[in-house]
Every structure is written in structure tokens, then in C-alpha cells.
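With positions in the sequence shown counted from 1, the corresponding number in my numbering is that position plus 825.
Notes for the one structure printed next.
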Amino acid sequence: MSDQRTIEDGYLEPVAEGLGFPEGPVAMNDGSVLFVDIKDQLLRRLTPENKIVNVAKLPGGPNGVAIGPDGAAYVCNNGGVYTFVKIDPLAPTGSGKTPNPEREITVPWPERPNYEGGSIQRVDLDTGEVKTLYCKYKGKCLIAPDDIVFDSDGGFWFTDTGMQEGTTTESGAVYYAKTDGTMLNQVALVPTANGIGISPEGDKLYVSDTVFGRLWSMEIVGCGELKKPNPVPPMPGKVVQTLPGYQWLDSLKVEADGRVCVGTIFNGGITIFSLDGTTQHLPVDDIFTTNLCFGGEDMCDVWITASSTGKIYKTRWPRPGLKLAFTA
């Protein structure tokens, strides 16, 4: 990118439009970006020429994706835990106002006519072949797997965001698993676990807790093991920070210096959590700004999923992102 303005200057270049509900971007070695489209139930690729190529059909709700040590894509599929509707935020249902189609956005809705439980799937990027690795834990269906990150040992951590059904809530959780389908462990309970990432030193696991607007830090003490939390109060780790007001936290990525960048819902944009406890909010024109990824030679190219408007933006970041354990 010749233009060296950054997101701090308000620089956002739309590189994909007309998508269903994009999420989970992953920068690839050839300059393309792999991502999931939850609404359209697809694993897709944005080419360096900004063309969209469908990689695999993933019925249910592909929600997050990461590249494993074998070069395959590993996908969190929420199983269709919600459907999608178009709304005009300025003319909501029951307001008596006439919706304006030009203002309509696509949002997730808590109706699930085809929901059968979530899963973790492996997708061969050469053939498009899909294999389900995990769909149950101790005999119970995974609820809504959401986001995923690999460690340097070749295993992966993933979040299950749980489910809200009327006045009943099924808690979310954090899991650790192997790619061969032989090991799945629940390692923490987080009410609405969503984004997940590993610190540059590999000693901390960061998890966003969506509806509480909270970022957790958990101590990694071994391969797939977290430090056991104190029983009172029942906390999965340390609170990095809880955002004020009504802001939800979605997926996240980590910068090379350890800052944590989290997609922010309702207060649309990316919130950066610094090691000194401060935050910085970088606005994006979408109240469902869900995720981002770092790439390029200097790891300062960034792609952002503006999900409710069906767009992906590209920009420059003021600092490099942390390189992921595996790429393809």
C-alpha cells in the first residue's frame, strides 16, 4: 500500500463489499485474506486483487478461523445459533417509523430454527474438503464455538460463547484441543467468551467477554493448561479492563508489543487495551466491527471486518501486529 496514512488518521479503504456477515480474517502468505461469512455459511478468500473466491460451504455458522501447523484452516462453527435480519437502526420494529433500505444493516438475531449444536471443523484449502473434528465435550454438544488461536506447540485454544435463551443462559467456555481430534479439554468458564489471543511471550491467554465489555487475562502454565483461578470470587483470570457504558467486545488480535486490539460492538471500532491499563478507541463506521487481522511484510497492514454493512476495510496500523504461530 503506497498510502502510509494509518487508521489513527481515519484511513480506511473498503476492499470488499456486499458480503453477508464477514468475520475471522486471516492474512495469508500470498497477500490474500481468508475469512468466514457467518450469514452465507461460507469460508471465503479475498484475493490481492480484491476479488471474492468461495473456498468451502460450511452449513450452520462459521464464526472464526485459524491456520494450523498442517496449513489447513480450522473453523469454529456456531451451528446456526442465530439467524440474521435486516434492520434500519433509525426505524426499529415497533417504532412506527418507515425503514429506509439505504440505512439497513444485517444483524444477528436470537432465532435458531436449524440449530443442532456447534463444532470445530478442518478445511483443506486445496480441495475444500471439510472434516468435523469435535462437536461434543463429555457427551454434551458444543454450544457456539466462536474464535480460535494456535499455540507454538500446534494445539489450539478456542472459545464457545454460550447461549442466551429467554431468561436462561448457558455459560460460555474456553477449550484446548489437538488437531487430530483426540483431545478436547474445557479449561475455563467465561460467561460470553468470544475473542481469544496469546501474548507475545506465550504466557498469557486473552479472552474477551462480550456482553460485559470485559477483557480477561489468564496465565498459561503448560501446554493447554491455565493457572487455576481462586474459587472466591469465581473468576477465570485477571480483569485487564471492563469498558464503561454499553459496549460489547468481539474478536481480538495482539500487537507485537503486547497490546490487545478488540473489535467493539455498538461503539463501532477497534478498542486497544495497553499494558499500562489505558485504552484507545479507533472508530469504524459499523456498529458491528467484529474483528481484524495483521499482515504484510512489516505486519502493519490490517484488514477489518465491518460485519453489519457487509464490508472489509484495509488500513495501516501504527505498530506491527504479532505474527501467528502458523501461516499458509
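Glycine residues also receive a C-beta, built at the ideal position from the N, C-alpha and C atoms.
How would you label residue i, buried or exposed, when you count the other beta carbons within 10 angstroms and need 16 or more for buried?
i, result
"V858", "buried"
"M826", "In this prediction, M826 scores a pLDDT of 44, lower than 50, which makes its location untrustworthy; the coordinate-derived value is nonetheless stated afterwards. Per the 10 Å Cβ criterion, exposed."
"D971", "buried"
"G919", "exposed"
"S977", "exposed"
"T1103", "exposed"
"P1154", "Only positions 826 to 1153 of the chain appear in the structure, and residue 1154 is not among them; the question remains open."
"E848", "buried"
"M1008", "exposed"
"K1029", "buried"
"R869", "buried"
"Q1011", "exposed"
"T923", "exposed"
"N879", "exposed"
"V1046", "exposed"
Taking Cβ to Cβ, would you say residue i is nearer than 8 angstroms to residue j?
i, j, result
"F1119", "K1078", "yes"
"G980", "K1003", "yes"
"I973", "V890", "yes"
"E838", "K1136", "no"
"E1080", "L1147", "yes"
"I945", "Y959", "yes"
"I877", "A841", "yes"
"L1051", "F1098", "no"
"F975", "C901", "no"
"D865", "G845", "yes"
"T992", "T1035", "no"
"P938", "F909", "no"
"F860", "P850", "yes"
"A1150", "M853", "no"
"D1075", "G1020", "yes"
"G1062", "E1044", "yes"
"L950", "A998", "no"
"A969", "V1065", "no"
Please report the residue range of the beta strand (DSSP E) in which residue i lies.
i, result
"Y907", "Careful: Y907 lies outside any beta strand (DSSP E) and carries neither H nor E."
"W1041", "R1039 to G1047"
"E990", "M988 to E990"
"E848", "P847 to A852"
"C1086", "V1085 to I1090"
"F1151", "Premise fails: F1151 is in no beta strand (DSSP E) and is neither H nor E."
"A891", "P887 to I892"
"S944", "S944 to V948"
"K956", "V955 to Y959"
Kindly indicate which three-state DSSP category residue i falls into: helix, strand or coil?
i, result
"D834", "helix"
"M826", "For M826, the pLDDT reaches just 44, beneath the cut-off of 50, and the residue's location in the model is therefore unreliable, although a value from the coordinates is still provided. Of the three classes helix, strand and coil, the one that applies to M826 here is coil, per DSSP."
"P1016", "coil"
"E995", "strand"
"S1132", "helix"
"P1108", "strand"
"V1079", "strand"
"P926", "helix"
"T1115", "strand"
"T1035", "helix"
"K1139", "strand"
"G1120", "strand"
"I968", "coil"
"K882", "strand"
"E842", "coil"
For a cutoff of 8 angstroms on Cβ pairs, would you count residue i as touching chain C?
i, result
"F860", "No chain C is present in this structure, which holds just one protein chain."
Could you check how far apart the C-beta atoms of residue i and residue j are, in whole angstroms? I think they sit under 8 angstroms.
i, j, result
"S996", "P1016", "5 angstroms"
"Q829", "R1141", "6 angstroms"
"L1107", "I1090", "About 14 angstroms; that fails the 8 angstroms criterion."
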